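To start, the structure itself, in structure tokens.
Residue numbers (our numbering), protein chains in the order written: chain E, 1 to 117; chain H, 1 to 110.
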């Protein structure tokens, strides 16, 4: 058990809908990363937050948004869903943001499997 | 920007065979390097890491050495087991971003 909790584990929804994925980081971790894993594109970095602030942005679509709350949990919002958004969405957390001075590993949750039908 | 290129799979081996998965990277500054493993139906788990040049990470019989001169971090294991069947990801942490390679699927047959 990595200590990172993601809910729900599975989600099936229709095209055009909006969903929210939730992530609770390990106790004490201030940094949260979101990734999308699909069969054809591998593991894609979406976005990173550190202590409530956005720190890095990857290949995140405009239809997607995220935030990190004062209690450090994070939510990833996916809207106007398309069939191609079906994927496994992972959250990871680490103590530091990933600067030159604090390069610690990230711990991953079990993921949320999103199926858009 | 940062990028990681790793050997494409799938790789199929017999038990006790030698495993090498190549990984090279592009980054500015001094990234940290990682190997993660993903077993079927699970999330990613850290396998080993190296934070500076010439560091060797090791765990569960796997090893990788951070080679700055060749910008590489190849994963090796001398004698694989069936339980090593998984997807292996090389990763780079730099400038707040944790970037992954495409992953290499390894299947070990008894």
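Built from N, CA and C at the ideal position, the CB exists for glycine as well.
None of these values were measured; they are calculated from a predicted model.
query: Which full runs of the beta strand (DSSP E) of 3+ residues lie inside the region 73-97 of chain E, going along the chain?; result: 74-78, 87-94
query: In whole angstroms, what separates the C-alpha of residue 72 (chain E) from that of residue 17 (chain E)?; result: 26 Å
query: State the Cα-Cα distance for the pair residue 5 (chain E) and residue 81 (chain H), rounded to the nearest angstrom.; result: 30 Å
query: Is there at least one Cβ from chain H nearer than 8 Å to residue 55 (chain E)'s Cβ?; result: yes
query: Do the region 42-55 of chain H and the region 105-113 of chain E touch if we need at least three Cβ pairs shorter than 8 Å?; result: yes
query: Please give the ranges of any beta strand (DSSP E) in the region 3-61 of chain H, keeping only runs that are unbroken, at least 3 residues long and fully inside the region.; result: 3-6, 11-14, 19-21, 23-26, 32-38, 44-50, 56-59
query: With a threshold of 8 Å between beta-carbons, can residue 42 (chain H) be considered close to chain E, or not?; result: yes
query: What distance in whole Å lies between the Cβ atoms of residue 50 (chain E) and residue 92 (chain E), which are believed to be in contact at a cut-off of 8 Å?; result: Actually they do not touch by this definition, with Cβ atoms about 13 Å apart.
query: Can you have a look at residue 8 (chain E) and say buried or exposed, based on whether 16 or more other CB atoms are within 10 angstroms of its CB?; result: exposed
query: Would you mind sorting residue 55 (chain E) into buried or exposed? The rule is 16 or more other CB atoms within 10 Å of its CB.; result: buried
query: Looking at C-alpha atoms only, which residue of H:86, H:106, H:74 is the closest neighbour of residue 22 (chain H)?; result: H:74
query: State the Cα-Cα distance for the pair residue 77 (chain H) and residue 95 (chain E), rounded to the nearest angstrom.; result: 29 Å
query: Beta-carbon separation of residue 65 (chain H) and residue 56 (chain H) under 8 Å?; result: yes
query: For residue 97 (chain H), list the residues DSSP reports as bridge partners.; result: H:94
query: Tell me the rounded alpha-carbon separation between residue 84 (chain H) and residue 59 (chain H).; result: 12 Å
query: Counting pairs of beta carbons, one from the region 4-16 of chain H and one from the region 17-31 of chain E, are three or more of them closer than 8 Å?; result: no
query: Assign residue 103 (chain H) to buried or exposed, taking buried as 16 or more other Cβ atoms, counted over all protein chains shown, within 10 Å of its Cβ.; result: buried
query: Grab the span of the beta strand (DSSP E) containing residue 10 (chain E) for me, first residue to last.; result: 10-13
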